[in-house]
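One structure is given below, encoded as C-alpha cells.
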Amino acid sequence: MSKLLILFIIIQLIHFFCTFKLYVKAGRKSWEALIPIYNSVILMQIINRPKWWVFLFFIPVINLIMFAVVWVETIRSFGKNSIYHTLLAIFTFGFYIAYLNYTSDKLEHNTNRNLKPKSGVEETVSSLLFAVVVATIIHTYFIQPFTIPTSSLEKSLLVGDYLFVSKFHYGARIPMTTVALPMVHDTIPLLKKKSYLFDDDISKKESSLKNLFQLPYMRLPGIQKIERNDIVVFNQPADTLLDMNNFNPDRNYYKPIDKKTNLVKRCVGISGDTLEIKNGYVFINGQPSKMPDRAKLQFSYTIKFKTQFSSYEQVSNLLKSYDITDGIAYDPKSGDYFVQATKEAASKAKNNPYIENLELRKDKNGFRNLKTFPHNINYNWNADYYGPIYIPEKGKTIAINVDILPLYKRLITEYEGHKLRIKGNQIFIDGNLTTTYTFKQDYYWMMGDNRDNSIDARFWGFVPFDHVVGKPIFIWLSWNNDGKGIHKIRWNRMFTTVGGNGEPISYFIYFIIAVIIFIGYDKYRKKQKI
Numbered sequence: 006m007s008k009l010l011i012l013f014i015i016i017q018l019i020h021f022f023c024t025f026k027l028y029v030k031a032g033r034k035s036w037e038a039l040i041p042i043y044n045s046v047i048l049m050q051i052i053n054r055p056k057w058w059v060f061l062f063f064i065p066v067i068n069l070i071m072f073a074v075v076w077v078e079t080i081r082s083f084g085k086n087s088i089y090h091t092l093l094a095i096f097t098f099g100f101y102i103a104y105l106n107y108t109s110d111k112l113e114h115n116t117n118r119n120l121k122p123k124s125g126v127e128e129t130v131s132s133l134l135f136a137v138v139v140a141t142i143i144h145t146y147f148i149q150p151f152t153i154p155t156s157s158l159e160k161s162l163l164v165g166d167y168l169f170v171s172k173f174h175y176g177a178r179i180p181m182t183t184v185a186l187p188m189v190h191d192t193i194p195l196l197k198k199k200s201y202l203f204d205d206d207i208s209k210k211e212s213s214l215k216n217l218f219q220l221p222y223m224r225l226p227g228i229q230k231i232e233r234n235d236i237v238v239f240n241q242p243a244d245t246l247l248d249m250n251n252f253n254p255d256r257n258y259y260k261p262i263d264k265k266t267n268l269v270k271r272c273v274g275i276s277g278d279t280l281e282i283k284n285g286y287v288f289i290n291g292q293p294s295k296m297p298d299r300a301k302l303q304f305s306y307t308i309k310f311k312t313q314f315s316s317y318e319q320v321s322n323l324l325k326s327y328d329i330t331d332g333i334a335y336d337p338k339s340g341d342y343f344v345q346a347t348k349e350a351a352s353k354a355k356n357n358p359y360i361e362n363l364e365l366r367k368d369k370n371g372f373r374n375l376k377t378f379p380h381n382i383n384y385n386w387n388a389d390y391y392g393p394i395y396i397p398e399k400g401k402t403i404a405i406n407v408d409i410l411p412l413y414k415r416l417i418t419e420y421e422g423h424k425l426r427i428k429g430n431q432i433f434i435d436g437n438l439t440t441t442y443t444f445k446q447d448y449y450w451m452m453g454d455n456r457d458n459s460i461d462a463r464f465w466g467f468v469p470f471d472h473v474v475g476k477p478i479f480i481w482l483s484w485n486n487d488g489k490g491i492h493k494i495r496w497n498r499m500f501t502t503v504g505g506n507g508e509p510i511s512y513f514i515y516f517i518i519a520v521i522i523f524i525g526y527d528k529y530r531k532k533q534k535i
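Numbering (our numbering) for the sequence shown: 6 to 535.
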C-alpha cells in the first residue's frame, strides 16, 4: 500500500505541474490543482462536467478510460476542438495538456462552452469513450460474457455455449490489475500479446516497477454464497502458462490472480467439507454427493467395434445417435480406443450391432497417479480413488505436521502469502515454530461432470475464494461447430438458464416477441409525434 501511496502522490504532482496555469486561466487558484480529490472536483467545474465523474477515477481500469475522457474535455474547454488536437491529447497520454499549460497566454477558457460536439468525428470519439466506460462497468461489476472452451461439463454446458456470468451473485471482485485493456482478459485478440501491465517473471515480483500498479484483493458484497453443485467460473489457481494451449512454455509465468486463465467447473465441495472419491463418485462428509437432475456424469469407456469404418465421420455419427458427443480418442499405452459417455448412453450403445464391447475404464484403489494433487509420494491417490481431504474454511484451525503439510503447503505459501520452512519434523511459518494453522479465506473443490476428461481440482487442488469470478446464469447463444447451415446454432439452447431443475427451457421465442413489440411500439410512438 505504501508503494501505491507514493504512486498516487507522483500522479498528483504531475497533474499540478501540467495544469496549474490552466486552473488560473479558468479563474481558479493555482494551489487548487495540487490538493488531491479537491483538484478533480474543481477540474470538473472547469470542464463543465458533473462532479460525480470524480468517483469514476477511483474505479480500477475504468479510471484509465476516464483519464482519456478528461484529457479531451480539458483541451476542448480551452478552444482546442479539432480532431487533430483530440488525437494529440490521447496519444501523448495527456502531456499535450502540459504544453498548453505553459503556453496558456494564448488560450481562453470557454466558461459556457456547448457540450455537444461540433463535428461527427468529435461526436464519434466522445460516444466511443463513454460507451467503453459503461461497457467496462457492466463487464467488471455486473455481467461478463464467457465461452465454454472444453467439454468438462458436457451435457450441462456444451462446447460453443456462450454464457452470461453474474459477478454480483458471489460479489464482484475489484480488479487487482489496474493497468489493462478494458473487457479483455489476458491476451490481446489477433496480436496474441499480453493485455495488461505486469512483470510475470517471479524473480522480479517484488522489484519490478510494473507491479506497482497492482491492488490488493477486494470484493463487493454478494447476494449469496457458493453452494454445493453450483457451476462456477474462476481463475485457475495453478496457472503458470503463457498460453493454456501450450503446455511446454519457455518458463513459468507468474500471473496476477485476475489474469489467470478462466475456467468453469462444478463446485462439488465447499469450505468445511471433507471430500472423498470412490470409484469415480464423490462423497461429501461420508455421504454420496447428490447431483442436480440436469447434471449428467460421464466416464471413460474402452470401445471395440465389430467392423472397420471408412471414415471418422461414420464413427462420430454412430456415437452421436446414443448422445456420445465427446468424440473418440486413442490410448497409445494400451492401444485401445475410448469414449466419454454417461452410464445410460453406454448401456444403450452396447446393444448396437456394430459395437462389440464397451468397458468402463477405472484406476485401481491405491494406484498412485503422479499427476494428481498433492503430487507427493505418500499419497497414493488417483482420479477415481481420492482422499479423504478436508476443504479449508475461513477462520478454522487445524493441526499440521510434515505428513499432512503437502495438502496445504501451496495454500499457506502461495494463496495466503506466508513463508514456510521445514527443519526435520518441525514446521516454521514466518519464522515461528507451529503445530497448527488458521485459514484466512474459504476454499472450494471444483470438478467437471465429464469425470475422465476434465483437468480439475484432483490435479491442482483447492480454489481460493479470491480466485472466484462469478456464477453462469444464462446461455444466450450455443454454436455447434459440427452443424451445417442453420443447424450451426443449437436453437433449443438459446436463452436457457444454466441452473434450475428439469430440462432447460428456451426463452428465445419470448425474446423475439418482445423485440417485435418494442419495434412496433417505437414506430407507433414516432408516428404520434409527427
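The beta-carbon is built from N, C-alpha and C at its ideal position, and this holds for glycine as well.
Point to revise | Length of the line joining the Cα atoms of Ile275 and Met181 | key: 25 Å
Review point. Would you call the segment 337 to 349 and the segment 300 to 315 touching, i.e. three or more CB-CB distances under 8 Å?
Key: yes
Check your understanding: Straight-line CA distance for Val139 to Phe72?
Key -> 15 Å
Practice item. Work out the CA separation of Thr418 and Lys445 for me, nearest whole Å. Key: 12 Å
Review point. Can you find at least 3 beta carbon pairs, one from the segment 169 to 181 and one from the segment 224 to 236, that sit closer than 8 Å?
Key: yes
Check your understanding: What three-state label does DSSP hand Tyr327 in the structure shown?
Key -> coil
Check your understanding: Leaving out five residues before and five after Asn117 in sequence, what residues of the same chain have Cβ atoms less than 6 Å from its Cβ?
Key -> none
**Study point:** Opening and closing residue of the beta strand (DSSP E) in which Ala346 lies
**Key:** 341 to 346
Review point. How many angstroms separate the CA atom of Tyr391 from the CA atom of Ile409?
Key: 15 Å
Practice item. Quick one: give me the first and last residue of the beta strand (DSSP E) that Arg426 is part of. Key: 425 to 428
Check your understanding: Quick one: what's got a C-beta closer than 8 Å to Asn267's C-beta in the same chain, skipping five residues either side?
Key -> Phe151, His190, Val238, Phe239, Asn240, Gln241, Val474
Review point. Around the C-beta of Trp76, are 16 or more other C-beta atoms found within 10 angstroms, so that it is buried, or is it exposed?
Key: buried
Check your understanding: Is it true that the CB of Thr141 sits closer than 7 Å to the CB of Pro194?
Key -> no
Practice item. Quick one: grab the DSSP three-state call for Met49. Key: helix
Exercise for review: Please work out which residues of its chain come closer than 6 Å, Cβ to Cβ, to Asn455, disregarding the five sequence neighbours upstream and downstream, and give them in chain order.
Suggested key: Ser156, Ser157, Glu159, Gln303, Gln345
**Study point:** For Asp166, the first and last residue of its enclosing beta strand (DSSP E)
**Key:** 166 to 171
Check your understanding: Between the segment 307 to 316 and the segment 327 to 342, are three or more C-beta pairs nearer than 8 Å?
Key -> yes
Exercise for review: Spell out a yes or no on whether the segment 481 to 489 and the segment 497 to 516 are touching, meaning 3 or more CB-CB pairs, one atom from each, closer than 8 Å.
Suggested key: yes
Practice item. Have a look at Leu133 and Ile517 and give me their C-alpha separation to the nearest angstrom. Key: 28 Å
Check your understanding: So what's Lys283 in DSSP terms, helix, strand or just coil?
Key -> strand
Check your understanding: From what residue to what residue does the alpha helix (DSSP H) around Met71 run?
Key -> 67 to 82
Point to revise | Collapsed DSSP secondary structure at Asn240 in the structure displayed | key: strand
Review point. Is Leu9 helix, strand or coil when you go by DSSP?
Key: helix
Check your understanding: Per DSSP, Cys272 is paired with what?
Key -> Met451
Practice item. Taking only the alpha-carbon atoms, compute the straight-line gap between Lys260 and Ile460 and give it to the nearest angstrom. Key: 19 Å
Review point. DSSP on Ala103, reduced to helix/strand/coil?
Key: helix
Point to revise | Contact between the segment 105 to 114 and the segment 81 to 90 (3+ Cβ pairs under 8 Å) | key: yes
Check your understanding: Near Asn430, what residues of its chain come up, given a Cβ to Cβ distance below 6 Å and the 5 sequence neighbours on each side ignored?
Key -> Val407
Check your understanding: Just to confirm, are Asp204 and Lys215 a CB contact at a threshold of 7 Å?
Key -> yes
**Study point:** Beta-carbon spacing of Asn234, Pro297 below 7 Å
**Key:** yes
Review point. What do you get for Val520, buried or exposed, if any count of 16 or more other CB atoms within 10 angstroms of its CB means buried?
Key: exposed
Point to revise | Whole-angstrom C-beta distance between Gly466 and Pro379, which should lie under 8 Å | key: 7 Å
Check your understanding: From Asn374 to Tyr413, what distance separates their C-alpha atoms?
Key -> 19 Å
Check your understanding: Is it buried or exposed for Asp255, if we count other Cβ within 10 angstroms and need 16 for buried?
Key -> exposed
Point to revise | Three-state secondary structure assigned by DSSP to Tyr258 | key: coil
**Study point:** Cβ neighbours of Gly488 in the same chain (closer than 8 Å, five flanking residues each side left out)
**Key:** Ile494, Arg495
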